[in-house]
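Colleague: Following the working numbering, the residues of the sequence shown are numbered contiguously, the last one being 348. Right, I'll just put the structure down here and ask away after.
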Amino acid sequence: MQTLTFDSDDMDVTEDFLSRAYARMRIGSGSPGSHRARIRRTGIDSVSVDELALDFEMDYSVTPLGRICLCVMHDGTVRDHAFQGVEDAFGPGDVVLFAPPDLPYTGRICNARYNITMLEPALLTQVAGDADGSRPVRLTGHRPRSGASARNLYRTIAHLRDTVFADPELADQPLIAATAAQHLAASVLAAFPNTALDEPAAGGADAHPAVLRRALAYIDDHADQPVTVADIAAAAHVTVRALQYAFRRHLDTTPLAQLRRVRLAHAHHALVAADPGAGATVTEIAARWGFHHPGRFASLYRDTYRRAPHETLTGG
């Protein structure tokens, strides 16, 4: 679990901090008065969520970040934002990709409060790329497909910040951390145009039920471990696209939905076998199987088993 805070009104100190926290950059301001910058970061190795407040106008010129960097504007504006082939401005409510990981960018932030979420590009390939990673997934647009997809992505970011990263014990559990990172990557792919979901789907022989047998066996055997769609596809000896097609065609579901179903069954059996008198709790058992939001776990459990999880735990 990572935590980081910064609060300064010295522009030189702020520039040095930003260069260490993000990428080498130059900043400047012609505005009089306070130049106070406040930043708070929480996160894990592959994903971080920052809340920033800049109480002045600041020009920036940033070298390539090497990571996917998403911005959610709360207040204020970003003007004259530019990278190769793109010029744009952002205001409150906008959700944008600052720039592809390998490109520098420039612009001007004007008395703004905003959120920066960064994730490793490899997460996109793990969630939706080829099983062997030979065709890395890229985002092909800096604006979401729709307002609805942008709002869904921000809800995912807010959930990470306010639920997963707000509890260090929760965020430090490997299965929780992996599931949260995959959820964010899936939401990013659903929100932005990209090379994975915008290519024609695979089909044909790859959709044979034998693929499903191998995939289902792998899910059953590895449900207690961090698992990606690419891992399942590799075990089934097909591409991710072919795996997704097979699950849709024969099971009317997705590989990750099946993984969630198997983990829920394990959580159910753990609740049945647990002794509440010895300290067992619904929250602990749910987290052990990758369910980091107690309310959503309870809802999913009731939909499947027609009773609340605490009733199973206590034998009620």
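Cβ coordinates follow ideal geometry from the N, Cα and C atoms, glycine included. Bear in mind the structure is a predicted one, so any value in this text is a computation, not a measurement.
1) Can you tell which of G108, H106, T109 and L135 has the C-alpha that lies nearest to the C-alpha of V118?
2) Report the residue ranges of all beta strand (DSSP E) runs contained in full by the stretch 98-154; include only those spanning at least 3 residues, in chain order.
3) With distance defined between alpha-carbon atoms, name the residue in A249, M57 and E47 nearest to G94.
4) Verify whether the separation of the beta carbon atoms of M150 and S80 is less than 8 Å.
5) Along the chain, where does the beta strand (DSSP E) containing Q257 start, and where does it finish?
6) Do you know offhand how far T260's Cα is from G322's?
7) Which partner residues does Q34 have in the DSSP bridge list?
8) Okay, do the stretch 104-112 and the stretch 62-78 touch, 3+ Cβ pairs below 8 Å being the bar?
9) What does the alpha-carbon distance come out to for the pair M33 and D204?
10) Excluding five sequence neighbours on each side, which residues of the same chain lie with their C-beta closer than 6 Å to the C-beta of A217?
11) State whether the stretch 295-311 contacts the stretch 329-348, with contact taken as three or more CB pairs (one from each stretch) at a distance under 8 Å.
12) For V270, count neighbouring C-beta atoms within 10 Å of its own C-beta (all shown protein chains included) and say buried if the count is 16 or more, exposed if not.
13) Indicate whether M105 and P132 have their beta-carbon atoms separated by less than 8 Å.
14) How big is the Cα-Cα spacing for N184 and L102?
15) Looking at the structure shown, is Y54 part of a helix, part of a strand, or coil, going by DSSP?
16) Is F279 helix, strand or coil when you go by DSSP?
17) Leaving out five residues before and five after L86 in sequence, what residues of the same chain have Cβ atoms less than 6 Å from its Cβ?
18) Can you say whether S223 is buried or exposed, counting buried as having 16 or more other CB atoms within 10 angstroms of its CB?
19) Compute the beta-carbon to beta-carbon distance between T344 and Y337, rounded to the nearest angstrom, for a pair I have assumed lies under 8 Å.
20) Can you give me the C-alpha to C-alpha distance between L129 and G179, rounded to a whole angstrom?
21) Out of curiosity, what's the CA-to-CA distance linking A242 and Q257?
22) Report the rounded CA-to-CA distance for Q116 versus I100, giving the unit in angstroms.
23) Let me know the secondary structure DSSP gives G309 once reduced to three states.
24) Can you have a look at A274 and say buried or exposed, based on whether 16 or more other CB atoms are within 10 angstroms of its CB?
25) Alpha carbon to alpha carbon, how far is G309 from A213?
26) Report all residues from its chain with a CB closer than 8 Å to the CB of T138; omit the five preceding and five following residues, and keep chain order.
27) According to DSSP, what are the bridge partners of M90?
28) Please look up how many angstroms separate the CB atoms of Q276 and T286, rounded, as I've assumed it's under 8 Å.
Modeller: With the given structure in hand:
1) L135
2) 100-115, 118-122, 127-129 and 137-151
3) One point to set straight first is that residue 94 is Val, not Gly, in the sequence displayed. The option with the nearest alpha carbon to V94 is M57.
4) yes
5) First-last for Q257: undefined, no H or E at that position.
6) 13 Å
7) G75
8) no
9) 6 Å
10) L155, L156 and V159
11) yes
12) buried
13) no
14) 14 Å
15) coil
16) helix
17) A69, I141 and A144
18) Here the sequence assigns Ala to residue 223, which means Ser is not the residue at that position. With 16 or more Cβ atoms within 10 Å of its Cβ, A223 is classed as buried.
19) 7 Å
20) 14 Å
21) 23 Å
22) 16 Å
23) helix
24) buried
25) 34 Å
26) D91, Y92, S93, V94, D112, H113, A114 and F115
27) I141
28) 6 Å
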